[in-house]
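Chains X and V are the protein sequences, given in the same order.
Taking the numbering used here as reference, the numbering of the first sequence is continuous, increasing by one, and the terminal residue is 1026.
Taking the numbering used here as reference, the numbering of the second sequence is continuous, increasing by one, and the terminal residue is 440.
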Amino acid sequence: MHHTTKHTLRPAVAALAGALALAAASAHSAEFRLPQFETVKLPSGLTLYLMERHEVPLISVRAVIKAGAVQDGAQAGLSNLTGDALLLGSRSHSKAEIDQAFDFRGARLAGGAGTESSTVQANFAKLDSATLLPLFAEIIQQPGFDAAELAKLRTRKVNGLKQAKESPRNVVNQYYRAMLFGATPYGQPAGGTVQSVTALTQQDVQQYYQRYYRPDNAAIIVVGDFDTAAMRAQLASLFGGWQASGPALPAPDYGKVQADRARVWLVNKPDAIETTFIIGGVGIARNDPDYVPLQVLNTIVGGRFTSWLNDELRVNSGLTYGARSEFATLSQTGTFAMSSFTALPKTAAALELANQTYQRLWTKGIDAATLESAKAYVKGQFPPRYETGEQLAGLLGDMYASNVGREQIDNFMRDVDSLTPQRAKQLVDAHFPRLKLQTLLIGKADAIRATAASYGEVTELQISADGFQP
Amino acid sequence: MKWKVLAASVLLGLSSAAHAVTASEVQTFTLANGMKFIVLESHTIPNANMYTFWKVGSRNEAPGITGLSHFFEHMMFNGSKNFGPKAFDRTMEAKGGSNNAYTSNDLTVYQDWFPASSLETIFTLESDRIAHLSIDPKMVASERGVVLSERSTGLENSNMRMLHEEINGVAFRAHPYSWSVIGNESDIKAWTQEDLQRYFNTYYAPNNAVAVIVGDVKADAVKKLATRYFGTIPARALPPAVRTVEPEQKGERRVFVAKESATSANLVFAYKIPQANHADYYALEVLQTLLGDGKTSRLYRALVEQQLATQVSASSMEGFDPGLMYISAVAAANVTPAQLEQAMLAALNDLVQNGVTAEELQKVKNQKLLNYYRALETINGKAQQLGNYEVLFGDYKKLFEVPAAYERLTPADIQTVAARYLKKSQRTVGVLAARED
């Protein structure tokens, strides 16, 4: 809170979080491998991942369920409420007892549900595993969904949804997703809206849980200081009774990006002192074969401090504190987004410069030296992302949730090293959206309405209105 | 009793982690010019870092140049004798490295993260800017815009940030902790080339810095390279001490901030506390954790579980001079600031009057211990912690005394500091809401 930093750019390699891991390697080795782990499939269909690491006497465990906002249907926020409601107590232990058990051991317990998956995660000392792992298993398999606690949680979430709109940065991505995917499942706000969450009941949560939290739709991931054989036996015993009922879940189409014409959504925040913006279009799926090389190319456009966007909008012109870009991936498709913010009177200048800079991908292309630098950068920044058990557990969870095979990880170095300027040009043409860009603005509409109109057909929204659709 | 078992499991479980890093593995050396280096070899990943701590922050400023420490931090990336504008970042990134920096009330810290094989490049870049920074007027102009944007985006997106700025201005009327690290808008627009040059000459002496290097390096090789690259930079006089001592606060102070888009009230109590390097530090840390950390914390139970607030937190300034402990809450819809204030006060008074149980204290000790080891899990966590203890507490070795410092605390110690510091007369109350009632 009292620190002020050079930049808050998160390099695009952060998005690689799901992609790669390293083996402890010598300083000059370019060899990265996912550390050894064991995968077990129980008869119920539950997948177990076990990765032993003995650097610190801690254990990271997470349950990943392939269910998220895309399954909410007309009840936006149901998946998210259900994910958090798992922490409200089990059939045998109250919320207070569970909170007590974890807090008193210095352990961490958290839940959360996103667009396509839900996660419950814990981190505790090795010797507390005998006590906390059974509790963790209870939380997943026998949630109580206590009515009084659920009502409190729902009220807190509704308050949180209102508060989120106080900060454009908190909600800009939800508006962008709603704009690009419209009324399809991918367009759903994961947290729901004030109206939709207010209407959710205990029965809704129970039904959602029954339908989607089943072993053939879930994985348990454990990384840390344990013995694999003993842990496997403990997990098989703790989760062995969990059975799926009914036919396997369908995997429907969750929606496509709508970018048939240039559009602008202008979200009015009357007391705004700056304009927050995103410009972009369709991107790629998480398991796209070009995922790794595109991370390298995005590094050049907006994924590091010297990227084109940050260099032009920040370093050369002082229009903003930071400008970046990313491929935000989903399991079936994804979005590409350039994002920044600027003082109200500079809105027109910043939007023009961002668009102009982006077009360099085609007007000038990527030179060999810049490409080599980006390759070195992506490789050099990679190892610290998988230094801890918690990070590796997150990686295995993403791989499970997004159907990413280990080959994407094991081929990482090869895919980075083999990227040539010619291949880069092909990838740019194939994957970066060049025309009919979608523009989202949050700011003081009266001050920026005219500017907005020069980027496409404008739809105006009020930030104070509920939800994220017009 | 249950807590005894818990304590044992945590301590036993972590005894091997305690051996993961020990004070004896840390090596230090000081160059002839007074620049100190702390080196810790850690070979789990093929990377390393360099954290350079400068003993300068907003407490070294005065009206007219508020925010200059932070602006200067930005200018350190804008060109030196052998690496012109942009060359620092471009050279580092092409060698696989990245960087950032932060400024606080007390310190300016530069962080480089890189493949260990790029260590010499990093030393080349760092030593060139320390020895020969060039302050290009053109870069100053564009950087002003960057920092104005940084300032406004903080105010646009964080109600708490806006409220903290106002609270500090009221809680301190003489000491430089009164202004925000980013500074006043008018000063950002007005400082001069001479201000910047003088700041560099005064504070960026090698003898005013501590560098920490952790990672896949050899300590003797680091020493050789450090001597070669940093050893020739001349020592200078140390900066003047900060003279102003904040006069004693004689009664409660209050401040209100109106922000139209606020959907519920934000409330902060800021209590005067001593500097980091004070005997009460660990007891205050415990106090803070038991108030605001986790779902069993006092304030979570009293405010969030009771539907009066949606979130609570407790945090402190950790500086060279006496500062503030902030106890904060965001109100639930339709809860007035007065209702929230009353409930927060009741929770604090209960702590002062009735103290803590041994079980509750043990819980906090367990949380502190696990978090201590979590912070030392990565090479970056190690560098940050070693540097913090060296500059703020006077010796990096004190990092290794942390578990024992917590272990010693008794329930009586916690009640004593609660009574000593959570006093009405030492409190500044801040409220942010859409409009004043």
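We put the CB at the ideal spot given by N, CA and C, even for glycine.
No experiment lies behind these values; they were computed from the predicted model shown.
- Against chain X, a Cβ distance below 9 Å from A335/V picks out T711, R712, N715.
- In chain order, D971, V972, L975, R979, A980, L983 place their CB closer than 8 Å to the CB of P849/X, counting only its own chain and leaving out the 5 sequence neighbours on each side.
- When rounded, the separation of the alpha-carbon atoms in P803/X and R770/X is 11 Å.
- Cβ-Cβ separation between S929/X and N843/X: approximately 27 Å, too far for a contact (criterion under 8 Å).
- Annotation: Cβ neighbours of F80/V in chain X (cutoff 7 Å, chain order): K562.
- With its beta carbon at least 9 Å from every one in chain X, Y274/V lies outside the interface.
- Using a C-beta cut-off of 8 Å, the segment 125-145 of chain V makes no contact with the segment 680-691 of chain X, since fewer than three inter-stretch Cβ pairs fall below that distance.
- Under the three-state reduction of DSSP, G667/X is assigned to strand.
- Among the residues of the segment 822-847 of chain X, those with a Cβ less than 9 Å away from any Cβ of chain V are K825, P826, D827, A828, I829, E830, T832, in the order of the chain.
- Proximity of P939/X to chain V, defined by a Cβ-Cβ separation below 9 Å, is satisfied.
- Across the segment 879-900 of chain X, CB contacts with chain V closer than 7 Å involve F897, T898, A899, in sequence order along the chain.
- Contact annotation: G624/X and G670/X have beta-carbon atoms nearer than 9 Å.
- With a threshold of 16 other beta carbon atoms within 10 Å, L991/X falls short and is exposed.
- Chain V has a Cβ within less than 9 Å of the Cβ of N726/X.
- Chain V places a beta carbon closer than 9 Å to that of E722/X, counting this residue as a contact.
- When rounded, the separation of the alpha-carbon atoms in T995/X and T926/X is 28 Å.
- If you look at A214/V, you'll find it isn't in any alpha helix (DSSP H); it sits in the beta strand (DSSP E) that goes 212-218.
- Comparing alpha carbon positions, the residue from L302/V, S72/V, L306/V, A437/V closest to D198/V is S72/V.
- For W116/V, the chain X residues whose C-beta falls within less than 8 Å of its own C-beta are Q937, P940, listed in chain order.
- Relative to the Cα of A884/X, the nearest Cα in the group G839/X, W864/X, T903/X belongs to G839/X.
- Sorting L756/X, P826/X, V728/X, A619/X by C-alpha distance to the C-alpha of L997/X places V728/X at the top.
- Only exposed fits W918/X, as fewer than 16 other CB atoms lie within 10 angstroms of its CB.
- Taking 8 Å as the upper bound for CB-CB distance, G67/V and A238/V are not in contact here, some 29 Å apart.
- Shown in chain order are the members of the segment 29-49 of chain V whose Cβ falls below 9 Å from a Cβ of chain X: H46, T47, I48, P49.
- The Cβ of V852/X sits no closer than 9 Å to any Cβ of chain V.
- Contact note: K708/X reaches chain V through Q310, using a C-beta cutoff of 7 Å and chain order.
- If you look at P118/V, you'll find it in the beta strand (DSSP E) that goes 111-118.
- The three-state secondary structure of I191/V, taken from DSSP, is helix.
- Note that the C-beta distance between L293/V and I417/V is below 9 Å.
- The Cβ neighbour count for H987/X, taken over all protein chains shown within 10 Å, is at least 16; the residue is labelled buried.
- The beta carbons of A841/X and G796/X sit no closer together than 9 Å.
- Contact with chain X is found for S152/V, since one of that chain's Cβ atoms lies less than 9 Å from the residue's Cβ.
- Apart from the 5 residues on each side of it in sequence, G633/X sits with its Cβ closer than 6 Å to the Cβ of G747, G748, S752, V753 in its chain, given in chain order.
- Secondary structure of P140/V (DSSP, three-state): helix.
- Using a Cβ-Cβ cut-off of 9 Å, K400/V does not count as an interface residue toward chain X, since no Cβ of chain X sits closer than that to its own.
- Against chain X, the beta carbon of K366/V has neighbours under 9 Å at Q656, D659, F660, R661, G662, listed in chain order.
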